[in-house]
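Shown next, in structure tokens, is the structure this report addresses.
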Amino acid sequence: MAGAETNLEQKRKRAMARLKAALENPTLLTEVPPAGRSEPAPAGLSALGLALRNWRAFLRGGLAAALEAEQPLAGEPSLRDPFRMTVAEYHQRYFQSTFMRNIFWMGVPTLKMVSDLWIYQEIIHQARPDIVVEIGSHFGGSTLFLAHLLDQVGHGDILSIDISREVYLAKHPRISEITGDSGSGAVIEQVRERTAGLKTMVVHDGDHSEAAVRRDLEAYGDLVSRGQFLIVEDSIVDVFNPARYRLREMDGGPLPAIRAFVEARPGRFEITDLHRRFLLSASPFGYLKRIED
Ligand SMILES: C[S@@+](CC[C@H](N)C(=O)[O-])C[C@H]1O[C@@H](n2cnc3c(N)ncnc32)[C@H](O)[C@@H]1O
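Just so you know, we're using the working numbering here: the sequence shown kicks off at 568 and counts up by one.
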């Protein structure tokens, strides 16, 4: 019927509406309690009671440590009580450097949420790209992970772009590197040449400021082939209030850039719901599928 919206169009509209709401309300996913959620010490709890209740802290540091263990940790989720964390608290915990910097793929550090890596696996298996352009590799754990996924499907190469190779460790026959600024004309030109005529997927995990993501999406987003994905990482910084979460400050992150990119290409990219699959994702609204040329 003329004028009737397809399911896909309706889905895309709903996703755009949710993205708009996320941009307008940074606590959309879930409100964060101002401090830890540990239960306060009941009034009149005796020194013995405190010592018994927090015996580990007591053994380490005496009564003062036992008392401190009763207090919510300022700005921290309840680390003593992980099963009562909210999803937001879990994200905060994950993004704390000690946690995030201790995740490895085959010995190479990666700065991903493991739930997102599983989504990558499903995408690669389904979409089978000829080439994956990864903008921002850092240590290379995510790059090596992608290369191993391509090994499993028996097809495809990775083109890793990074402005620096100082800490980069990935080595694999499917990976080739371009070292330089993703915003430079020379790098863009090389990537265009390398991807010409190939089923191309792009992962953006470089500079996450809004201006840089806008620039990179304009330069590389249209290289993504129909049926392939454009993954824009770390929009979590827009959804969670960075000040509360103590993430680094930025004027705007990837979300407004994603929105501008998709809106400028009506009907071409679907903002999928993949980020919702495991509740835990660093990239809300960051899994875009190309649905039209
Ligand atoms: C978040 S890290 C990448 C993490 C990696 N993909 C992973 O999941 O393990 C961001 C990387 O982007 C790189 N980067 C930042 N700005 C860049 C730019 N303008 N051009 C190219 N690379 C850039 C940084 O050097 C850094 O290695």
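Even for Gly, the Cβ is constructed at its ideal location relative to N, Cα and C.
All figures in this text were calculated on a predicted structure; none of them were measured in a lab.
Legend entry - Contained alpha helix (DSSP H) runs [length at least 4] in the segment 705 to 758, N- to C-terminal order: 708 to 720
Inset, instruction - Report the rounded CA-to-CA distance for GLY819 versus LEU615, giving the unit in angstroms. - result: In the sequence shown, counting from the first residue as 1, residue 819 sits at position 252. In the sequence shown, counting from the first residue as 1, residue 615 sits at position 48. Straight-line Cα distance between these residues: approximately 50 Å.
Legend entry - Segment contact, 8 Å Cβ cut-off, at least three pairs: the segment 657 to 672 with the segment 690 to 697: no
Inset, instruction - For the alpha helix (DSSP H) holding PHE828, just list the boundary residues, first then last. - result: One-based indexing of the sequence shown puts residue 828 at position 261. Where PHE828 is concerned, the enclosing alpha helix (DSSP H) stretches over 821 to 830.
Legend entry - For ILE686, three-class secondary structure by DSSP: By 1-based counting over the sequence shown, the position of residue 686 is 119. Helix.
Inset, instruction - Could you check what DSSP says for ARG857 in three-state terms: helix, strand or coil? - result: Walking along the sequence shown from the start, residue 857 turns up at place 290. Three-state result, ARG857: strand.
Inset, instruction - Could you tell me if the beta carbon of ILE728 falls within a distance shorter than 7 Å of some heavy atom in ligand 1? - result: Position 161 of the sequence shown, counting from 1, holds the residue named residue 728. Yes, ligand 1 has a heavy atom inside 7 Å of this Cβ.
Legend entry - Beta-carbon proximity list for ALA610, same chain, < 6 Å, skipping 5 on both sides: In the sequence shown, the residue the question calls residue 610 occupies position 43. With a pLDDT of 46 at ALA610, under the threshold of 50, the modelled position of that residue is not reliable, and the figure given next carries that caveat. Excluding residues within five positions, none has a Cβ falling inside 6 Å.
Inset, instruction - In angstroms with no decimal places, state the Cα-to-Cα distance between LEU797 and ARG651. - result: Position 230 of the sequence shown holds residue 797. Position 84 of the sequence shown holds residue 651. Taking the straight line from one Cα to the other gives about 34 Å.
Legend entry - Coarse secondary structure for LEU847, derived from DSSP in three states: Mapped onto the sequence shown, residue 847 falls at position 280. LEU847: coil per DSSP, three-state reduction.
Legend entry - Own chain, CB closer than 8 Å to ASP801, minus 5 neighbours either side, in chain order: Taking the sequence shown and counting its residues from 1, one reaches residue 801 at position 234. Within the same chain, ASP801 has close Cβ partners ASP772, HIS775, GLY820, PRO821, ALA849, SER850, GLY853.
Inset, instruction - Would you check whether ligand 1 has a heavy atom nearer than 7 Å to the C-beta of GLY703? - result: Here residue 703 refers to the residue found at position 136 of the sequence shown. Checking every heavy atom of ligand 1 against the Cβ of GLY703, one is found closer than 7 Å.
Inset, instruction - Please find out if some non-hydrogen atom of ligand 1 comes closer than 7 Å to the beta-carbon of PHE706. - result: For the purposes of this step, residue 706 is taken as residue 139 along the sequence shown, with counting starting at 1. Yes - ligand 1 has a heavy atom lying nearer than 7 Å to the Cβ of PHE706.
Legend entry - For MET680, the three-state DSSP class (helix, strand or coil): Counted from its first residue, the sequence shown places residue 680 at position 113. Three-state DSSP puts MET680 in coil, outside helix and strand.
Legend entry - Reference ARG793, options PHE836, SER751, GLU830, closest by Cα: Sequence index remark: in the sequence shown, residue 793 carries index 226 (1-based). Considering only alpha carbons, the answer is PHE836.
Inset, instruction - Name the two residues that bound the continuous alpha helix (DSSP H) containing GLU861. - result: Any answer about residue 861 is impossible in this case: the structure gives the chain only from 568 up to 860.
Inset, instruction - With DSSP as the reference, label THR767 as helix, strand or coil. - result: Position 200 of the sequence shown, counted from the start, is the residue given in the question as residue 767. Correct three-state label for THR767: strand.
Inset, instruction - With DSSP as the reference, please indicate the residues paired to VAL654 in a beta bridge. - result: The residue labelled residue 654 in the question sits at position 87 within the sequence shown. Beta-bridge pairing links VAL654 to no other residue.
Legend entry - Sufficient close CB pairs (3 or more, under 8 Å) joining the segment 701 to 716 to the segment 757 to 773: yes
Legend entry - C-alpha distance - LEU784 paired with VAL791, whole-angstrom precision: On the sequence shown, residue 784 is found 217 positions in, with the first residue counted as 1. On the sequence shown, residue 791 is found 224 positions in, with the first residue counted as 1. Cα-Cα distance, rounded: 10 Å.
Legend entry - Neighbourhood of ASP724 by C-beta, 8 Å cutoff - its chain only, sequence neighbours within 5 removed: One-based indexing of the sequence shown puts residue 724 at position 157. Counting only Cβ-Cβ distances below 8 Å, and skipping sequence neighbours, we find ASP697, ILE698, VAL699, LEU717, ARG741, ILE742, SER743.
Legend entry - Straight-line Cα distance separating GLY764 from GLY788: Reading the sequence shown from its first residue, position 221 is the one you call residue 788. Reading the sequence shown from its first residue, position 197 is the one you call residue 764. The straight-line gap from Cα to Cα measures roughly 15 Å.
Legend entry - Endpoints, beta strand (DSSP E) assigned at VAL700: Position 133 of the sequence shown, counted from the first residue, corresponds to residue 700. That run of the beta strand (DSSP E) goes 698 to 702.
Inset, instruction - State yes or no: is the C-beta of ASP724 nearer than 7 Å to some heavy atom of ligand 1? - result: Your numbering for residue 724 matches position 157 in the sequence shown. It does not: the Cβ of ASP724 is nowhere closer than 7 Å to a heavy atom of ligand 1.
Inset, instruction - Keeping to the same chain, check which residues put their C-beta closer than 7 Å to that of PHE666; ignore five residues upstream and five downstream. - result: Taking the first residue of the sequence shown as 1, we reach residue 666 at position 99. If we look at PHE666 and ignore the five residues flanking it on each side, its Cβ neighbours are ARG660.
Legend entry - Host beta strand (DSSP E) of GLU572 (start-end): Residue mapping note: residue 572 aligns to position 5 of the sequence shown, counting from 1. Per DSSP, GLU572 belongs to no beta strand (DSSP E) and is neither H nor E.
Legend entry - DSSP state of VAL791 mapped onto helix, strand, coil: Within the sequence shown, numbered from 1, the residue matching residue 791 stands at position 224. Here VAL791 sits in coil by DSSP.
Inset, instruction - Could you say if the segment 745 to 759 and the segment 665 to 683 meet the contact criterion of at least three C-beta pairs nearer than 8 Å? - result: no
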